[in-house]
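Novice: Got a structure here, written out as structure tokens. Questions coming.
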Amino acid sequence: MQERLRELQQEAIQKVEQSASLKELNDIRVAYLGKKGPITEVLRGMGKLSAEERPVMGALANEVREAIAAKIEAKQNELEEAAVLEKLASESIDVTLPGRPTKVGNQHPLTKIIEEIEDLFIGMGYEIAEGPEVEQDYYNFEALNLPKGHPARDMQDSFYITEEILLRTHTSPVQARTMEKHQGKGPIKIICPGKVYRRDNDDATHSHQFMQIEGLVVGENIRMSDLKGTLEVFAKKMFGQDREIRLRPSFFPFTEPSVEMDISCKMCGGHGCNVCKHTGWIEILGAGIVHPNVLEMAGYDSKKYTGFAFGMGPERIAMLKYGVDDIRHFYTNDVRFLKQFAVEE
Amino acid sequence: MFVSYKWLQEYVDLTGVSAAELAEKITKSGIEVEGVEVLNEGIKGVVVGHVVVREQHPNADKLSRCQVDIGEGEPVQIICGAPNVAQGQKVAVAKVGAVLPGNFKIKKAKLRGEESNGMICSLQELGMEGKIVPKEYAEGIFVFPADAEVGTDALELLNRDDEVLELGLTPNRADCLSMLGVAYEVAAILGREVKLPDTALEPISEKAADYVEINVDAKEDSPLYVAKMIKNVKIGPSPLWMQTRLMSAGIRPHNNVVDITNYILLEYGQPLHAFDYDRLGSKEILVRRANDGEKFVTLDDVERTLSSDHLVITNGTEPVALAGVMGGANSEVTSDTTTVLLEAAYFNGAIVRKASKDHGLRSEASARFEKGVDPNRVRAAGERAAYLMAKYAGGEVLEGEAVADTLTVEPAVVSVTLEKINRVLGTDLTMKDVEEIFARLQFETSVEDDTITVTAPTRRGDIKIEEDLIEEVARLYGYDNIPKTLPIGSSTPGKLSEYQKKRRVVRAYLEGAGLYQAVTYSLTSEEKAAQFALEKRDTIHLAMPMSEDRSILRLSILPQLLEVLKYNNARQNDSLAVYETGNIFLANGKDALPEEREHLAAAITGLWHSHSWQGEKKPVDFFVLKGILEGMFAKLGLTERVTYVQAQVDGMHPGRTAEILLDGEKIGFAGQLHPSVQKGLDLKDTYVFELSLKAVLGAETEALKYQAIPRYPSITRDIALVVNRETVSGTLWEIITNTGAPLLKEATVFDLYEGDKMEAGKKSLAFSLKYMDPERTLTDEEVTKVHNRVLAALEEQAGAVLRG
Ligand SMILES: [Zn+2]
Chain A
52 MQERLRELQQ
62 EAIQKVEQSA
72 SLKELNDIRV
82 AYLGKKGPIT
92 EVLRGMGKLS
102 AEERPVMGAL
112 ANEVREAIAA
122 KIEAKQNELE
132 EAAVLEKLAS
142 ESIDVTLPGR
152 PTKVGNQHPL
162 TKIIEEIEDL
172 FIGMGYEIAE
182 GPEVEQDYYN
192 FEALNLPKGH
202 PARDMQDSFY
212 ITEEILLRTH
222 TSPVQARTME
232 KHQGKGPIKI
242 ICPGKVYRRD
252 NDDATHSHQF
262 MQIEGLVVGE
272 NIRMSDLKGT
282 LEVFAKKMFG
292 QDREIRLRPS
302 FFPFTEPSVE
312 MDISCKMCGG
322 HGCNVCKHTG
332 WIEILGAGIV
342 HPNVLEMAGY
352 DSKKYTGFAF
362 GMGPERIAML
372 KYGVDDIRHF
382 YTNDVRFLKQ
392 FAVEE
Chain B
114 MFVSYKWLQE
124 YVDLTGVSAA
134 ELAEKITKSG
144 IEVEGVEVLN
154 EGIKGVVVGH
164 VVVREQHPNA
174 DKLSRCQVDI
184 GEGEPVQIIC
194 GAPNVAQGQK
204 VAVAKVGAVL
214 PGNFKIKKAK
224 LRGEESNGMI
234 CSLQELGMEG
244 KIVPKEYAEG
254 IFVFPADAEV
264 GTDALELLNR
274 DDEVLELGLT
284 PNRADCLSML
294 GVAYEVAAIL
304 GREVKLPDTA
314 LEPISEKAAD
324 YVEINVDAKE
334 DSPLYVAKMI
344 KNVKIGPSPL
354 WMQTRLMSAG
364 IRPHNNVVDI
374 TNYILLEYGQ
384 PLHAFDYDRL
394 GSKEILVRRA
404 NDGEKFVTLD
414 DVERTLSSDH
424 LVITNGTEPV
434 ALAGVMGGAN
444 SEVTSDTTTV
454 LLEAAYFNGA
464 IVRKASKDHG
474 LRSEASARFE
484 KGVDPNRVRA
494 AGERAAYLMA
504 KYAGGEVLEG
514 EAVADTLTVE
524 PAVVSVTLEK
534 INRVLGTDLT
544 MKDVEEIFAR
554 LQFETSVEDD
564 TITVTAPTRR
574 GDIKIEEDLI
584 EEVARLYGYD
594 NIPKTLPIGS
604 STPGKLSEYQ
614 KKRRVVRAYL
624 EGAGLYQAVT
634 YSLTSEEKAA
644 QFALEKRDTI
654 HLAMPMSEDR
664 SILRLSILPQ
674 LLEVLKYNNA
684 RQNDSLAVYE
694 TGNIFLANGK
704 DALPEEREHL
714 AAAITGLWHS
724 HSWQGEKKPV
734 DFFVLKGILE
744 GMFAKLGLTE
754 RVTYVQAQVD
764 GMHPGRTAEI
774 LLDGEKIGFA
784 GQLHPSVQKG
794 LDLKDTYVFE
804 LSLKAVLGAE
814 TEALKYQAIP
824 RYPSITRDIA
834 LVVNRETVSG
844 TLWEIITNTG
854 APLLKEATVF
864 DLYEGDKMEA
874 GKKSLAFSLK
884 YMDPERTLTD
894 EEVTKVHNRV
904 LAALEEQAGA
914 VLRG
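These protein sequence lines map, in sequence, to chains A and B.
By our numbering, the letter at position 103 of the first sequence is numbered 154, and the numbering carries on one by one without gaps.
By our numbering, the letter at position 800 of the second sequence is numbered 913, and the numbering carries on one by one without gaps.
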């Protein structure tokens with residue numbers, strides 16, 4: 052009997068070891084440990100044994116049972132693990148395939164430039180002022196020291212609607228309107244972005260519609276040196292800390308003195324190249340001390356108040372910053388152009 | 114203005130300052146030098162040659178065989194194709210080994226069997242523009258005066274060993290439209306002297322005033338008119354140096370008399386006009402306004418019709434010149450002229466501008482009058498021209514002048530305090546610094562205490578107020594020397610307005626939702642201006658448009674966005690989503706400014722989603738578009754205030770278009786383009802919306818406030834309703850929410866069935882209804898009570914029955 056049990060144990064364990072699937076294993080479990088299995092059968096014959104032998108044999112039978120059960124469990128874990136691994140292996144994917152595209156659009160490059168400039172000046176205490184694109188001749192010209200017949204009106208041939216109403220040729224009328232609204236009192240610090248219009252044939256460097264950003268600061272002690280310092284902060288943030296600025300005298304009817312600001316050419320480091328027309332400098336914007344006539348017309352006492360103003364073209368800045376070679380790209384809206392400006396900088 | 118570096122040295126010593134350095138200095142102190150042209154760049158080996166023999170080429174009709182002495186022993190043989198080559202000429206010869214513009218190297222060659230050792234050059238071949246080459250040499254080689262020395266450098270003789278500075282002049286610096294003006298500027302920059310040109314001559318005893326009488330009717334237009342008389346002139350070419358200087362400045366030489374007037378125009382900035390005295394037909398010059406309809410033939414042989422807006426010079430009856438613009442064919446100097454009446458006048462800028470504009474005759478002369486000439490240089494220019502005519506045209510200058518002078522010239526006297534200069538510039542200058550700057554400019558000054566008083570010379574008509582003086586100080590002191598500071602005083606908080614902030618939210622949202630921002634033109638065509646307009650008003654037309662396509666201000670953005678889709682579609686981008694924010698323009702009557710209203714428009718076309726290797730393709734549809742709108746209104750806190758109503762809009766699909774209402778007011782529309790419009794643009798199904806951004810962003814919203822998260826469970830009941838096909842879900846939704854309140858918290862559509870299992874004309878809409886009480890757990894009975902009320906209302910108000 053004892054031998055028979057040992058035999059069964061060996062036989063079962065051997066079968067367990069050979070089994071290749073969970074089903075096979077279960078069959079072995081039923082076959083050896085089930086109520087109709089050989090061990091139960093062996094135990095049934097225990098009645099024939101003596102009282103001393105019985106517990107010994109019982110213990111042995113249990114031992115054999117447990118050994119088989121343990122073996123089955125071990126084997127079962129082993130098979131299950133293999134099954135999991137196999138499943139995982141079968142589930143593997145090609146991670147180099149492209150992902151499902153998330154729909155994204157982005158800002159127009161001009162908006163990108165304008166918002167960058169707005170944010171920079173907001174940080175310096177400026178507000179954003181906006182005004183009409185269709186303007187009165189008075190605000191567009193006269194209030195800016197450009198009376199009718201002034202030769203400088205030639206510089207910016209305009210789209211008139213009536214004798215007195217035209218599409219604004221710059222965003223300066225917003226400055227005139229803002230000053231007028233302040234009724235000659237208190238400081239002003241504004242940035243005026245917007246669309247402007249001039250009679251130009253559209254080509255690689257001209258557009259009949261374009262953007263402009265102007266700035267105006269009026270206060271009791273505003274100096275040319277403040278303009279220079281402010282423009283330097285702007286130029287370095289916009290174009291890089293390593294850029295130098297220079298002011299050159301210029302002429303605008305609404306500022307006196309007037310200047311133009313150049314930044315050192317990044318392409319050649321100031322040594323001269325095609326981009327900077329061999330000067331080492333690139334023209335960025337016009338600026339100056341607000342003309343006393345402009346202050347007076349808007350109701351400011353020009354003895355007490357001074358101010359500075361500056362104006363620049365976002366198209367030109369974008370063209371320089373991103374290397375765009377044709378201004379018409381900004382208004383054609385070719386998506387192959389637009390999507391190049393998705394990166395937030 | 115083109116400034117010859119060599120010529121400028123006649124007036125200012127430029128020792129130690131190269132043309133490039135000078136350009137840099139001029140730019141930094143106020144006049145932008147736009148370029149420096151080296152005239153002989155890339156040219157070498159061109160000498161003066163003497164054509165000793167010229168014969169017909171034995172094998173070619175149009176070629177000449179020349180023996181040319183180039184100062185190197187025996188003459189060399191050169192084959193020349195120019196029609197005007199002739200024996201005895203002094204010509205420019207590019208020797209073998211010479212280099213001409215465009216890196217054209219001259220080599221020994223055989224032309225039709227004959228050896229050629231070099232090339233006889235035209236001025237064009239030496240890099241000069243055809244339009245400035247004297248007419249007689251325009252079609253052939255250039256011929257030097259007979260005294261040109263054989264073998265010398267031809268480019269030097271032609272003054273091509275020079276550099277030309279191109280000045281970009283702003284309107285205030287008309288003083289630099291002359292060599293003398295530039296000389297004063299350069300002298301101030303360099304701290305050097307100005308040498309004035311010679312004018313001293315011995316007049317003959319006859320008096321100019323005996324030959325002609327000057328009368329001026331239009332004194333305002335012509336306050337000063339001076340006539341000099343020069344007799345016995347011999348018309349011929351002007352000296353080579355004068356011709357070359359004119360050419361360097363971009364002016365074509367004609368003859369000595371005309372060249373001298375042009376030379377003075379460049380030297381003094383004063384336009385002059387030479388009349389053939391004998392052709393005037395009278396002894397009078399009368400300056401008057403033209404009569405309306407008066408006819409006059411200018412020297413370009415064009416008949417002009419004049420009006421009383423134009424000023425004319427007449428011989429007492431007939432016009433002989435359009436003042437300041439162009440002379441007449443009837444009194445033009447010709448090769449037979451012997452007596453010249455030389456006009457030096459001060460004409461009003463506005464009247465000259467009017468005439469030059471009306472007749473399309475913009476010239477060097479008219480440009481100078483328009484910007485204002487120096488009233489104190491008019492006579493000096495006349496004297497100088499007379500001097501040159503005596504010297505280079507063999508003329509005899511009559512004593513004195515015939516004149517009509519009502520011009521009063523008061524130089525501007527302006528004062529400024531040192532304190533103001535330093536306050537405006539942020540500098541620390543002393544009075545001595547300031548005085549020195551004005552001394553360099555040759556402005557007279559006097560100082561009293563802190564105030565400096567400056568008398569500006571009349572050549573600097575731009576100096577009028579103290580700020581002009583501050584500008585002179587700033588530019589000559591140097592902007593590089595001005596410190597950098599930031600404004601001090603009361604600080605202002607920088608910020609965006611609420612509107613601007615929300616506009617950025619909308620843009621960022623739309624971009625995040627997959628749309629590209631476009632920027633298009635405000636000006637459009639008649640056809641497009643009012644398409645898709647939310648509000649029909651008169652269109653606003655430009656008085657003088659540049660083209661029909663850009664003649665009217667837009668009333669809507671969509672037509673331009675559709676152009677963007679069309680453009681991209683034609684370039685293999687047929688799936689696209691774009692939006693634009695921008696103003697549209699609503700007329701307010703002829704004399705008032707239009708209302709400018711900011712709109713937002715979007716257009717989506719083609720596939721909304723596609724994932725190529727997984728084979729997914731989802732085209733755009735109405736609900737993609739509406740989802741974008743709903744997300745935007747959610748961002749702005751307007752979800753519950755916006756409704757959509759089925760609508761008919763021109764150009765839109767009649768069954769797939771909705772009006773968008775905010776608080777019940779129409780603010781825009783959304784839907785599919787009408788298939789015929791799509792077809793016209795060659796687009797796939799395209800969905801668009803346009804709305805008043807001004808209305809959307811202007812809507813007052815309540816401040817954000819937290820609402821307690823519900824602590825009690827909700828009960829959900831799903832219902833499927835059978836309704837008529839025309840019944841819209843919005844109607845059912847309204848009945849449900851109105852009747853179910855306050856326990857009903859949410860009702861959402863989760864199914865729509867219109868298939869063939871339905872009775873004809875019916876459809877099934879399924880809603881999920883969520884009931885909840887924030888204070889306690891609801892019982893089934895309570896919910897059933899409300900739910901039945903909802904069902905009853907649905908049946909009663911919309912004929913909706915539960916689907917069996
Ligand atoms: Zn460069």
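Even glycine gets a Cβ: it sits at the ideal position worked out from N, Cα and C.
Going along the chain, which residues of its own chain have a beta-carbon closer than 8 Å to the beta-carbon of residue 788 of chain B, five neighbours each way excluded?
Specialist: 766
Novice: Along the alpha helix (DSSP H) that carries residue 230 of chain A, what are the first and last residues, could you check?
Specialist: 223-232
Novice: Contact criterion: CB-CB distance below 8 Å. Does residue 89 of chain B meet it with respect to chain A?
Specialist: Lying outside 114 to 917, the shown extent of chain B, residue 89 of chain B is not represented and no answer is given.
Novice: Using the beta-carbon of each residue, which ones in chain B are nearer than 8 Å to residue 357 of chain A?
Specialist: 536 and 537
Novice: Counting only C-beta atoms, is residue 377 of chain A closer than 8 Å to chain B at any point?
Specialist: Answer no: the Cβ-Cβ gap between residue 377 of chain A and chain B never drops below 8 Å.
Novice: Taking 7 Å as the cut-off, is the CB of residue 318 of chain A close to at least one heavy atom of ligand 1?
Specialist: yes
Novice: Tell me which same chain residues have a C-beta within less than 6 Å of the C-beta of residue 237 of chain B, skipping the five on either side of it?
Specialist: 243
Novice: Closer than 9 Å, Cβ to any Cβ of chain B: which residues of the region 204-238 of chain A, in chain order?
Specialist: 205, 206, 210, 211, 212, 213, 214, 215, 216, 217, 218, 237 and 238
Novice: So, is the C-beta of residue 724 of chain B closer than 8 Å to a C-beta in chain A?
Specialist: Contact with chain A is found for residue 724 of chain B, since one of that chain's Cβ atoms lies less than 8 Å from the residue's Cβ.
Novice: Let's test the definition: count the other Cβ atoms within 10 Å of the Cβ of residue 389 of chain B and tell me whether it reaches 16, buried, or not, exposed.
Specialist: buried
Novice: Just to confirm before moving on: does the CB-CB distance between residue 551 of chain B and residue 567 of chain B stay below 8 Å?
Specialist: Yes.
Novice: Using the beta-carbon of each residue, which ones in chain A are nearer than 7 Å to residue 81 of chain B?
Specialist: Outside the displayed range of chain B (114 to 917) lies residue 81 of chain B, so it cannot be described from this structure.
Novice: Can you find a CB in chain A that lies within less than 8 Å of the CB of residue 295 of chain B?
Specialist: So no, residue 295 of chain B is outside the interface.
Novice: Closer than 8 Å, Cβ to Cβ, to anything on chain B: give me those residues from the region 274-299 of chain A, in chain order.
Specialist: Along the region 274-299 of chain A, going in chain order, the ones with a CB nearer than 8 Å to a CB of chain B are 274, 275, 276, 277, 279, 280, 281, 283, 284, 297, 298 and 299.
Novice: Based on Cα-Cα distance, which residue from B/609, B/538 and B/572 lies nearest to residue 928 of chain B?
Specialist: Outside the modelled stretch of chain B, which goes from 114 to 917, sits residue 928 of chain B, for which no answer is possible.
Novice: Of all Cβ atoms in chain B, is any one closer than 8 Å to the Cβ of residue 351 of chain A?
Specialist: It does not; no Cβ of chain B falls within 8 Å.
Novice: In whole angstroms, what separates the C-alpha of residue 201 of chain B from that of residue 165 of chain B?
Specialist: 6 Å
Novice: Hey, could you find the ends of the beta strand (DSSP E) residue 726 of chain B is sitting in?
Specialist: Neither: residue 726 of chain B is in no beta strand (DSSP E) and is coded neither H nor E.
Novice: Measure the Cβ-Cβ separation of residue 278 of chain A and residue 210 of chain A and say whether it is below 8 Å.
Specialist: no
Novice: Excluding the five sequence neighbours on either side, which residues of its own chain have a C-beta within less than 8 Å of the C-beta of residue 850 of chain B, listed in chain order?
Specialist: 857 and 860
Novice: What is the DSSP secondary structure of residue 512 of chain B, reduced to helix, strand or coil?
Specialist: strand
Novice: Measuring only from the beta carbon, is residue 116 of chain B closer than 7 Å to any heavy atom that is part of ligand 1?
Specialist: no
Novice: Taking 7 Å as the line, does the beta carbon of residue 182 of chain A fall inside it for any heavy atom of ligand 1?
Specialist: Answer for residue 182 of chain A: no, Cβ out of range of ligand 1.
Novice: Let's see if you can read the secondary structure: which residues bound the alpha helix (DSSP H) around residue 416 of chain B?
Specialist: It is not in any alpha helix (DSSP H) - residue 416 of chain B instead sits in the beta strand (DSSP E) that spans 416-418.
Novice: Excluding the 5 residues preceding and the 5 following residue 422 of chain B in the sequence, name in chain order all residues of the same chain whose CB lies nearer than 6 Å to its CB.
Specialist: 467
Novice: Less than 8 Å between CB atoms is the rule here; does residue 373 of chain A satisfy it with respect to chain B?
Specialist: no
Novice: Indicate whether residue 314 of chain A and residue 294 of chain A have their beta-carbon atoms separated by less than 8 Å.
Specialist: yes
Novice: Pop quiz: residue 419 of chain B and residue 403 of chain B are said to be a contact at Cβ under 8 Å. What is the actual Cβ separation, rounded to whole angstroms?
Specialist: 4 Å
Novice: Between residue 602 of chain B and chain A, is there a C-beta pair that is closer than 8 Å?
Specialist: yes
Novice: Anything in the region 570-590 of chain B with a Cβ closer than 8 Å to a Cβ of chain A? List those residues in chain order, please.
Specialist: 578, 580, 581, 583, 584, 587 and 588
Novice: Taking Cβ positions, are residue 192 of chain B and residue 224 of chain B nearer each other than 8 Å?
Specialist: yes
Novice: Look at the alpha carbon of residue 116 of chain B and the alpha carbon of residue 286 of chain B, and state the distance between them as a whole number of angstroms.
Specialist: 15 Å
Novice: Should residue 107 of chain A be labelled buried (16 or more other beta-carbon atoms within 10 Å of its own) or exposed?
Specialist: exposed
Novice: Within 10 angstroms of the Cβ of residue 155 of chain A, are there 16 or more other Cβ atoms? Answer buried if so, exposed if not.
Specialist: Counting of Cβ neighbours within 10 angstroms places residue 155 of chain A among the exposed residues, the total staying below 16.
Novice: Using alpha carbons as the reference points, say which of A/276, A/129, A/347 and A/256 lies closest to residue 379 of chain A.
Specialist: A/256
Novice: Cβ of residue 92 of chain A less than 8 Å from any chain B Cβ?
Specialist: no
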